[in-house]
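The sequence shown lines up with residues 806 to 943 when you count with the working numbering.
Presented below is the structure to which this report refers.
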Amino acid sequence: MTSDPWYKNGLQFGCMQCGSCCGGGPGYVWMTPQDIENLAKQLGLPAGAFEKAFVYTVRNDKKSLGEYPNGDCILLDEKTRGCKAYEARPLQCRTWPFWPQNVATKNTWKAAARRCPGCDCGKLYTLAEIEERRVKFD
Numbered sequence: 806m807t808s809d810p811w812y813k814n815g816l817q818f819g820c821m822q823c824g825s826c827c828g829g830g831p832g833y834v835w836m837t838p839q840d841i842e843n844l845a846k847q848l849g850l851p852a853g854a855f856e857k858a859f860v861y862t863v864r865n866d867k868k869s870l871g872e873y874p875n876g877d878c879i880l881l882d883e884k885t886r887g888c889k890a891y892e893a894r895p896l897q898c899r900t901w902p903f904w905p906q907n908v909a910t911k912n913t914w915k916a917a918a919r920r921c922p923g924c925d926c927g928k929l930y931t932l933a934e935i936e937e938r939r940v941k942f943d
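Given below as structure tokens:
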């Protein structure tokens, strides 16, 4: 028998569209072919043109969304700090902040909340909703 996770009563989150999760350090935003299609359509570009301009290939032919030298996502508007394609953002972005490393413990959640003002406010996500979003990206 497994014990319930520490967040069994749910967690609150409401995206402030502040861009904190979209920048500040290097990383990967893993892209599926569907993500590429969706983002290209949102930006009014053919998928191939979008991929050439905004996506790069990393280990084992995996695709990642590009970023600026400072670690900000290539789709993060530097003035508004909002996503240029928010409605079509990739799965990895849509599931923030319910990533395994953020919900592992109360302390890792608190660390995510220090970086993200949307944690602990907004909609209350149920355990089932969190588990559905708790996807591992690597």
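Using N, Cα and C, we set each Cβ at its ideal position, and we do this for glycine too.
If you're wondering where the values come from, they're calculated on a predicted model, not measured in any experiment.
Rounded to whole angstroms, the separation of the alpha carbons of LYS884 and LYS941 is 31 Å. The Cβ atoms of LEU881 and VAL834 lie no closer than 7 Å to each other. For PHE855, DSSP assigns no beta-bridge partner whatsoever. Every beta strand (DSSP E) stretch that sits fully inside the segment 867-927 and reaches 3 residues is listed by chain position as 867-870. Boundaries for LEU816: no alpha helix (DSSP H) harbours it, while the beta strand (DSSP E) harbouring it runs 816-818, taken from the DSSP string. Counting only the Cα atoms, LYS857 lies some 34 Å from PHE818.
Fewer than three Cβ pairs drawn from the segment 838-847 and the segment 808-828 lie within less than 8 Å of each other, which leaves the two stretches out of contact. Cβ neighbours of CYS926 within its own chain (closer than 8 Å, five residues either side excluded): GLN817, PHE818 and GLY819. In summary, GLY923 is buried, with 16 or more beta-carbon neighbours lying within 10 Å of its beta-carbon over all protein chains present. Partner residues in the beta bridge of LEU929, as assigned by DSSP, are GLN817.
Membership of ASN843 in the alpha helix (DSSP H) is indicated by the continuous run 838-848.
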